[in-house]
Amino acid sequence: MTEPVPAASAPSGGCPAHADVLPLYGPRFLRNPSELYREMRQEHGPVVPVLLEGDVPAWFVIGYREVHHVLSHPEVFARDCRRWNQWDDIPPDWPLRPFVGYQPSTLFAEGDEHRRRAGAISNGLFAVDQFDLRLRSERIADDLIDAFAGRGEAELMAEYAHPLPLLALAGIFGMPEEETPGLLRDMMTTVNGDEGALDAYQGICATMERLVAHRREQPGPDFVTRMLNDPANLTEEELIADLVLVMTAAQQPMAYWIGNTIRLMLTDDRFSLNLAGGRRSVGHALNEVLWEDTPTQNYLGRWAARPVLLGGQQIDAGDLLVLGLAAANGDPRVRPASDTPALGNQAMMSFSYGEHRCTYPAPELAEVICQAAVEVLLDRLPDLLLAVDPEDLEWSPSVWMRGLVGLPVGFTPV
């Protein structure tokens, strides 16, 4: 028997104007968020009135078709957060400000301006040689494994899943090695909304400022240099903002994609029985994680450009919509048999959709890095086993991301 979803009263004058509003935060998200999404859908339908941290009102869009509709109509559900009708009530230290506060990045740009900015990012990423990226990711994986292979035990999130994508991204960016430890620390603090998140975000910006200055003086065959030379003629402010965006939008989701896939392969007989042989199963596991345990669970956000009806709810101009990407992936209207393996189905919302989706070819590059990480680990440590019961694994206390705090494992020392 499941415990009821607690309700709270909406603050007066705020959207959504409903008597009972659900808090989109709290410990239930750590245990079984998919169960919570099902309860929300049963009680409210595909669009749910919610309160964010600090009792800030918003709409939570959890229906697949509704998420698809929102992302397909940027002229109605716009990206520029300055439309928000709640800014007067938002305190300066609100922990979600790093995600919602306006930045001069591609993330908040619209129309032709967004296409100009996103085009520069796409051009820079298209030049990444995927074969070379695979080899570099394998070398990074081997170096990280070498550091703990002789112990017979490891904590894979801290020692492997988090640093590996950051090191791979650092190579793409042409970043000096000494910058990576501080950058990783700042990104984890920012994404998790921990104490000091605002200062950590400023630290990420400062790191990118130093990197841009370095690449102006010493150009190279790297993403930052290509962004500097792109015909989009990005200003300094635009360039820094977009570099921060690409780095933060890539590292943490990749770390959780790696960790969630390793967990799946160590706990699900469909995958764990084939660890010694089937490389094909790694690709299947990566895809299944995007459907069932996607790293980016919920996404802030879209703002209604005008009053509109969505999923049976009246949305007012300036209302904030939170995109429930994980909930949409599990919508029974499009996936009636949730226990059916996703296999090669790529229609998940894990990389978003529409003109503001994850910039192509970023999803392909992320898959190259994550597949190399999982395959090298299982090749090097074929008898890898969890060191705790699966139920004892702790999830990150974030409504926005789904990933493990720790992944302790044991294996034969090599």
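Our numbering numbers the first residue of the sequence shown as 344 and each following residue consecutively. C-beta atoms are modelled at their ideal positions from N, C-alpha and C, and glycine is treated no differently.
Per DSSP, the bridge partner or partners of residue i
| i | result |
| --- | --- |
| L653 | Q656 |
| V399 | L395 |
| W646 | A421 and L663 |
| G753 | E496 and L728 |
| W738 | L747 |
Candidates the options: closest to residue i by CA position
| i | options | result |
| --- | --- | --- |
| A716 | P435, L541 and G602 | G602 |
| M400 | V364, A421 and P435 | This sequence places Pro at residue 400; Met is not what is there. If we check each option's Cα against that of P400, V364 comes out closest. |
| G406 | P740, L727, L668 and P733 | L668 |
| T532 | P756, V677, S741 and Q385 | S741 |
| L666 | P392, A598 and D432 | P392 |
| Q657 | P389, D529, L507 and E710 | P389 |
| F442 | Q473, N576, L582 and D423 | D423 |
| L633 | P506, W600, N641 and L643 | W600 |
| G749 | E502, H387, Y642 and E552 | E502 |
| A543 | R494, G525 and G697 | G525 |
| L607 | L729, R460 and L582 | L729 |
| R678 | L708, A648, D573 and E635 | E635 |
| A592 | N572, R569, L708 and A497 | L708 |
| A549 | L394, E522 and I488 | E522 |
| P725 | E737, L609 and V651 | L609 |
| L643 | P519, L414, P704 and G654 | L414 |
Collapsed DSSP secondary structure at residue i in the structure displayed
| i | result |
| --- | --- |
| L727 | coil |
| G525 | helix |
| G388 | coil |
| Y445 | coil |
| V748 | coil |
| L577 | coil |
| N672 | helix |
| D475 | helix |
| V404 | strand |
| L365 | strand |
| T639 | strand |
| W634 | helix |
| W437 | coil |
| M691 | coil |
| R553 | helix |
| N572 | coil |
| N466 | helix |
| R460 | helix |
| A504 | helix |
| T702 | coil |
Other residues of its chain near residue i: CB distance less than 7 Å, five sequence neighbours each side excluded
| i | result |
| --- | --- |
| E396 | Y368, P438 and L439 |
| V567 | F516, G517, L554, V555, R558 and L586 |
| G514 | R479 |
| I464 | T449, D585, V589 and T702 |
| F451 | R422, D423, C424 and Y445 |
| W427 | W646, G661 and L663 |
| Q594 | P508, L509, L512 and M530 |
| H411 | Y696 |
Min CB distance residue i to chain B below 9 Å
| i | result |
| --- | --- |
| P638 | Considering every chain present, this structure includes no chain B. It has just one protein chain. |
Residues near residue i by beta carbon distance below 8 Å, same chain, minus five either side
| i | result |
| --- | --- |
| L629 | W600, T604, E710, C713, Q714 and V717 |
| P485 | Checking the displayed sequence, the identity of residue 485 turns out to be Asp instead of Pro. Around D485: V719 and R723. |
| Q494 | What sits at residue 494 in the sequence shown is Arg, not Gln. Answer for R494: P756, listed in chain order. |
| G626 | Q714 |
Cβ-based neighbour list, residue i, same chain, cut-off 6 Å, excluding 5 preceding and 5 following
| i | result |
| --- | --- |
| A492 | V757 |
| G563 | G517 |
| F694 | R700, C701 and P706 |
| G546 | D529 |
| L727 | V752 and F754 |
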